[in-house]
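Residue numbers (UniProt numbering), protein chains in the order written: chain A, 1 to 596; chain B, 1 to 445. Worksheet: one structure, shown below.
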């Protein structure tokens, strides 16, 4: 027993050391940019034009990714400045052209006369001018000044397009910076990726397992929620806040500053090459860490609930679906030159399923692509209603889904932090259904554009609807808030308040399903364990203490209320629909139900 | 509109208040000296163990009381004037009532031991008891718990989570064996010992020692053994908390005497819950004083009927109870005696080889109907057990339909087959037709 406790403690230390290695990779890079890297990343042509700007960087070796990244961005901004100055239509052109127009009537010949030379820059200006003023042909203006003013505004539009078409836009700068940084990494990690994988991933996971496994012997099977509200990590104390902040920052870097996490990505190149035949991307890194989190914390979950076959089966299921469906199969599909697809991800959680590029990718991928399209649609219109009817929402949310998988494993220590108040429930209903409506509207808009090739629907650019959704819901809500807030608001923030698929399945569960949580006669003692440990913030006790079946749209059927109940009151059941919406009845006076 | 005043905001008083509100518009006031709001007394242990915070033990959000026009007064009732229908409160103005409900609960028993009023000597009943346990825990390495009952084992589990060694001093031969049959009681003994706690059976407390500063420093047993400790838990039952009523004309015995309608000898005064003592036990198999969460709740809902004009006698129905002995869940339906009555009862007892699960079915010998069900580490369905007993199901039907009584979660192994085998061995001439229903977790349509 003493030995096991020592292993337990050593595990924590090893985990922290490994985590230290992982974090150190943020700071130990060594960067040296080369001509080859630039040629590769920018293309021969563009490289030729920009080479002089990079000259200074090429002769420097950087020891910090922060200065390296900021220097690259600086170079790109200089390149943009120089392009801007070369392609810019200078002041006074509008006035000159206006002065030459007879009778203030605009003629496109004016442009042809003005730009007579045929060099690249002049022809670009001329082309742009022609296309931007196409609509003005033969238009008569009130005065020379009115014409000049109209031309000035066209020139402004053209000038502001220069960076977009000739230089490097922000998103482009970001992509190039990320790939150049990754390719220029000459650190120890770059030359020894496997060693670093061992130190920064395998080591901390081994530590975590050493920390967890002894519990098989040092604790007895059964509910062990001791000290959850005494520990700062699990009760919104300083450790919890610290972890929350860390996770939030991780997501911010992942989504918006990937150029700073290239060393981590680089480390995974060999693994990614083995799986898909491509070098790793930040999304591979994310998927890899996500899967490891589910697997490792899944082991913890199984140890913790080893007295409950239901909990163990469910945990093995989410571990399996994450490892195979979400992580390995898509990579293997890529290796086989098929579209990347997580076959268990369902629209509208999988919100880009109907995006043009996705549809095109599937349609052009032959039989497998068409199968994927059919499969995805069948999941939405057949699998969801059918399985939800038979088993309730849980068939997906706590057995299959990746978000649910993370919540049920890595998030399990924080389930008690969900808000159980009536206010929170009211907010939840508005919030989650609004996201569902948003997802549906966004998808309709996107499909409208896909089929009609019109960019706008009801005067709104469909591309911008989709960008707003991706940014606000896909990144901020699902990622930053959804996971970053685990230690602050519980492990199902996204699933409860934001997931449009959960909203959709929830509606079916609420109105047409065999699933309910039954309460056991009069055995409830109102202790509150069920409500406290409900990750979805359902006040389970409210129902249990009045003998009412729990039928809530949000219930993901994790079964933890039943597990933590000290009196055997709650049970998840699929039964005949009759009597599902029962009158609240407790076994009371004279053994007969008293409506409570 | 009547002015209904309820003293005590525990499960009985609050259930009465809620049900009266459902059926009437009367003014309802609940007085408590313990806490501002109703909380679940049974959850005190979970606060100590860090499973929950106090606010989680409140079954209703704080807005509930205002919304349902139930006035809450935090005060201590000094004295009741039954003739003028008036309450003297410690900090508030006197309060008049038209109907008074006494739901004042219990207090832990103390049997006159020397040292029983020292510091760090206490039971576990109220929120204040919990605070006191918290206060003494950091300076406690060893706690002695006197009494082998449900509160005792809760206290033991609580200290165990703080790495405080626990020694039980239990008068009986086996833990709680005045209620549990020998096998189940032995299972609890094993559970206690498995956790490394010391279980002293057939031992009694003689006196509690003073450390010189007014705090307990040890106990001496009747057998003369001295045990050093820094905390003494007294969990030898509770008795009605009625000291403040002693000088009044209210009829008292151990508790407040009531009839089947909870009427006391004073007009418009009722008593429910732990503090009520029936003139006659409410049923042949019941006791005049019932100190269980569930009975308190039933008292409350039954009295509410009477007060709202539907005069209803208390008929508790089939007995049921539940508890958890550390990791071991326990449920009982019907009557299971602690000593098998060979002449009148037929027992079927199955125990899992891990020694932590058991099912006991007890039948009346004379008509072969079900008398009671005891389960440890297995969950049974209240509704089904209640029906089987109330409707006097014959033995064979009980075994045939036993699956329906199981309330364990999906994927759990079921053991009803073991009991049916037992039946078939015993009644080989007319065996059950056992249809083996294949089931696997949630995949049974």
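Here a beta-carbon is modelled for each residue, glycine too, at the ideal position from N, C-alpha and C.
(message) Within 10 Å of its beta-carbon, does residue 39(B) have 16 or more other beta-carbons around it, so buried, or fewer, so exposed?
(response) Buried, by the Cβ-count rule.
(message) So that I know if they touch, is there some Cβ in chain A lying closer than 8 angstroms to that of residue 386(B)?
(response) True, the Cβ-Cβ gap to chain A drops below 8 angstroms.
(request) Enumerate in chain order the residues of its own chain whose CB-to-CB distance from residue 497(A) is below 7 angstroms, with the five nearest sequence positions on each side excluded. (result) The answer, listed in chain order, is 428, 431 and 432.
(request) Please confirm whether residue 235(B) and residue 145(B) have their CB atoms less than 8 angstroms apart. (result) With respect to the 8 angstroms criterion, residue 235(B) and residue 145(B) are classified as neighbours on the basis of their beta carbons.
(message) For residue 147(B), report the span of its beta strand (DSSP E) as first-last.
(response) For residue 147(B), there is no enclosing beta strand (DSSP E), as DSSP gives it neither H nor E.
(request) With DSSP as the reference, label residue 136(A) as helix, strand or coil. (result) In the structure shown, residue 136(A) sits in a helix (DSSP, three-state: H, G or I).
(request) Quick one: which residues of the region 204-220 of chain A get their C-beta closer than 9 angstroms to a C-beta of chain B? List them in chain order. (result) So the close ones are 220.
(request) Starting from the Cα of residue 350(A), find the closest Cα among 329(A), 327(A), 376(A) and 191(A) and give me that residue. (result) With distances taken between Cα atoms, residue 350(A) lies closest to 376(A).
(request) Just grab the DSSP bridge partners of residue 469(A) for me. (result) DSSP lists no partner for residue 469(A).
(message) Contact between the region 382-400 of chain B and the region 366-373 of chain B is defined here as three or more beta-carbon pairs at a separation below 8 angstroms; is this criterion met?
(response) These segments touch.
(request) Go ahead and label residue 546(A) buried or exposed: buried means 16 or more other beta carbons lie within 10 angstroms of its beta carbon, across all protein chains shown. (result) Here residue 546(A) is buried. Its C-beta has 16 or more other C-beta atoms within 10 Å.
(message) Would residue 260(B) and residue 282(B) qualify as a contact pair, given that the criterion is a beta-carbon distance under 8 angstroms?
(response) With respect to residue 282(B), residue 260(B) sits close: the two C-beta atoms are nearer than 8 angstroms.
(request) Tell whether a beta-carbon distance below 8 angstroms holds between residue 366(A) and residue 515(A). (result) No.
(message) Give me the chain A residues within the contact set of residue 417(B), using Cβ-Cβ distance strictly less than 8 angstroms, ordered along the chain.
(response) Ordered by position in chain A, no residue passes the 8 angstroms Cβ test against residue 417(B), which lies about 17 angstroms from the chain.
(request) Determine the chain B residues that contact residue 613(A) at a beta-carbon separation under 7 angstroms, and present them in chain order. (result) Chain A is shown only over 1 to 596; residue 613(A) falls outside these bounds and no answer can be derived.
(request) Consult DSSP for residue 62(A) and reduce its assignment to one of helix, strand or coil. (result) Strand, per DSSP.
(message) For residue 549(A) and residue 518(A), which I take to be in contact (beta-carbon distance under 8 angstroms), what is that distance rounded to the nearest angstrom?
(response) Residue 518(A) and residue 549(A) do touch by the CB rule: their CB atoms are close to 6 angstroms apart, below 8 angstroms.
(request) Could you please give the first and the last residue of the uninterrupted beta strand (DSSP E) stretch that includes residue 219(A)? (result) In this chain, residue 219(A) is not harboured by any beta strand (DSSP E), its DSSP state being neither H nor E.
(request) Give me the Cβ distance between residue 251(A) and residue 521(A), rounded to the nearest whole Å; I'm assuming they're in contact under 8 angstroms. (result) Going by Cβ atoms, the distance from residue 251(A) to residue 521(A) rounds to 46 angstroms, so no, they are not a contact pair.
(request) On a CA-only basis, which of 327(A), 154(A) and 582(A) is nearest residue 271(A)? Give me that one, please. (result) In terms of Cα proximity to residue 271(A), the closest of 327(A), 154(A) and 582(A) is 327(A).
(request) Specify whether the region 417-424 of chain B and the region 370-386 of chain B touch according to this definition: at least 3 beta carbon pairs, one from each stretch, less than 8 angstroms apart. (result) No, the region 417-424 of chain B is not in contact with the region 370-386 of chain B.
(request) Check whether the Cβ atoms of residue 14(B) and residue 75(B) sit closer than 8 angstroms, and answer yes or no. (result) Residue 14(B) is not a Cβ neighbour of residue 75(B), given a cutoff of 8 angstroms.
(message) Give me, in chain order, the residues of the same chain whose beta-carbon lies closer than 8 angstroms to that of residue 369(A); leave out the 5 immediate sequence neighbours on both sides.
(response) Only 338, 339, 361, 362 and 363 meet the Cβ criterion.
(message) Below 8 angstroms on the Cβ atoms is my contact criterion, and I expect residue 75(A) with residue 54(A) to pass it. Report the Cβ-Cβ distance as a whole number of Å.
(response) Yes, they are in contact, since the Cβ atoms of residue 75(A) and residue 54(A) sit about 6 angstroms apart, within 8 angstroms.
(request) Express the C-alpha separation of residue 254(A) and residue 193(A) in angstroms, rounding to a whole number. (result) The straight-line gap from Cα to Cα measures roughly 20 angstroms.
(message) Does chain B have any CB closer than 8 angstroms to the CB of residue 227(A)?
(response) Yes, its Cβ sits closer than 8 angstroms to a Cβ of chain B.
(request) For chain A, find out if any of its Cβ atoms is closer than 8 angstroms to the Cβ of residue 411(B); answer yes or no. (result) Contact with chain A is found for residue 411(B), since one of that chain's Cβ atoms lies less than 8 angstroms from the residue's Cβ.
(request) Please state if the CB of residue 11(B) and the CB of residue 307(B) are separated by a distance shorter than 8 angstroms. (result) Residue 11(B) is positioned such that its CB atom lies no closer than 8 angstroms to that of residue 307(B).
(request) Just the C-alpha distance for residue 354(B) and residue 429(B), rounded to the nearest angstrom, thanks. (result) Using only the alpha carbons, I get a separation of about 32 angstroms.
(message) Quick check on residue 35(B): does DSSP put it in helix, strand or coil?
(response) If DSSP states are grouped into helix, strand and coil, residue 35(B) belongs with coil.
(message) Closest to residue 225(A) by C-alpha separation, out of 380(A), 9(A), 507(A) and 416(A), would be which residue?
(response) When 380(A), 9(A), 507(A) and 416(A) are compared, the shortest CA-CA separation from residue 225(A) is found for 416(A).
(request) For residue 159(A), write down the residues that DSSP places opposite it in a beta bridge. (result) Under DSSP, residue 159(A) takes part in no beta bridge, so it has no partner.
(request) Give the DSSP-derived three-state secondary structure of residue 56(B) in the structure shown. (result) Three-state DSSP puts residue 56(B) in a helix.
(message) Using a Cβ-Cβ cutoff of 7 angstroms, what residues of the region 302-319 of chain A are near chain B? List them in chain order.
(response) Correct list: 308, 309, 310 and 313.
(request) Determine contact between the region 17-24 of chain A and the region 195-215 of chain A, defined as no fewer than three beta-carbon pairs at a distance below 8 angstroms. (result) Because the criterion of three Cβ pairs below 8 angstroms is met, the region 17-24 of chain A and the region 195-215 of chain A touch.
(message) Let's test the definition: count the other Cβ atoms within 10 Å of the Cβ of residue 96(A) and tell me whether it reaches 16, buried, or not, exposed.
(response) Burial call: exposed.
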